[in-house]
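I have placed the structure first, in the form of structure tokens, so that the comments after it can refer back to it.
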Amino acid sequence: MLLRVLEEKEKAIDARRKHEANPSKKLNEVKRWMAQLEWYKKCGEPDGMVYYDCYKKRLGKRDIDIVTVKNSINAYWKRKVEEAECKPQAPDARTRWLFSGVTYMRMVEPLDIADYFRESRKKVHPSVRAEKDYPSVRAEHYKLLDRWNKEEAQMGTKKKSKAPSLTEDSCFWTNY
5 MLLRVLEEKE KAIDARRKHE ANPSKKLNEV KRWMAQLEWY KKCGEPDGMV
55 YYDCYKKRLG KRDIDIVTVK NSINAYWKRK VEEAECKPQA PDARTRWLFS
105 GVTYMRMVEP LDIADYFRES RKKVHPSVRA EKDYPSVRAE HYKLLDRWNK
155 EEAQMGTKKK SKAPSLTEDS CFWTNY
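Note that my numbering has the sequence shown beginning at 5, numbered continuously upward.
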């Protein structure tokens with residue numbers, strides 16, 4: 005039964021790959037999106053709001069435009085994590101893409117958290133603070149990236165240092 009499920013997932017991934025363009029071309033596109041997101045993060049708002057608050061409130065056009073970028077990056081990494089789960093990779097290859105995945109998680113998950121609180125606030129009266137249960141609805145691909153990163157750290161694999169502008173805990177904003 006489990007073998008059949010894995011075979012079906014593998015066939016679906018192979019079919020998707022046939023329809024996609026050159027994987028390195030897609031990766032370059034994702035790198036451009038990540039650069040846009042990094043620029044969004046660094047520019048901030050003139051009144052000193054951090055990118056998390058700007059994104060959550062979406063007061064300007066650039067805040068709305070970044071939603072498309074975030075969604076595109078999310079779709080790419082959800083597929084990558086699904087592929088990695090179905091087809092485990094050699095340790096060296098895993099370390100390379102895992103670093104990129106963790107960087108993605110640290111940049112994008114705070115925006116997903118902002119969406120979560122923004123949507124939950126709409127369901128309740130705007131003046132009421134949303135329940136802090138994001139971990140219960142956290143996306144599976146974030147959980148897997150987090151778990152794999154911790155496993156990699158326990159194995160003593162030499163990690164690249166993270167960008168100084170990223171928090172170590174991508175769920176930091178759930179406590180905000």
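Even glycine gets a Cβ: it sits at the ideal position worked out from N, Cα and C. Since we're looking at a predicted model, the values are computed, not measured.
- Message: I'd like the list of long-range same chain contacts for L102, defined as Cβ closer than 8 Å, with 5 residues on each side in sequence excluded.
- Response: In the sequence shown, counting from the first residue as 1, residue 102 sits at position 98. Cβ neighbours of L102 beyond the five flanking positions: L149, W152, N153 and E156.
- Can you tell me where the alpha helix (DSSP H) with R62 in it begins and where it stops? Working through the sequence shown from its first residue, we reach residue 62 at position 58. Careful: R62 lies outside any alpha helix (DSSP H) and carries neither H nor E.
- Message: Beta-carbon within less than 7 Å of K60's beta-carbon, same chain only, minus the 5 sequence neighbours each way: which residues are those?
- Response: Sequence index remark: in the sequence shown, residue 60 carries index 56 (1-based). So the qualifying residues of the chain are A118, F121 and R122.
- Query: Whose C-alpha, out of M109, W37 and T99, is nearest the C-alpha of Q158?
  - Reply: Walking along the sequence shown from the start, residue 158 turns up at place 154. The residue with the shortest Cα to Cα distance from Q158 is T99.
- DSSP three-state assignment for G105, whether helix, strand or coil: By 1-based counting over the sequence shown, the position of residue 105 is 101. If DSSP states are grouped into helix, strand and coil, G105 belongs with the helices.
- Message: Between which residues of its own chain and Q93 is the CB-CB distance below 8 Å, once the five residues before and five after are set aside?
- Response: As a first step, residue 93 is located in the sequence shown; it is residue number 89 there, counting from the start. Cβ within range, chain order: W101.
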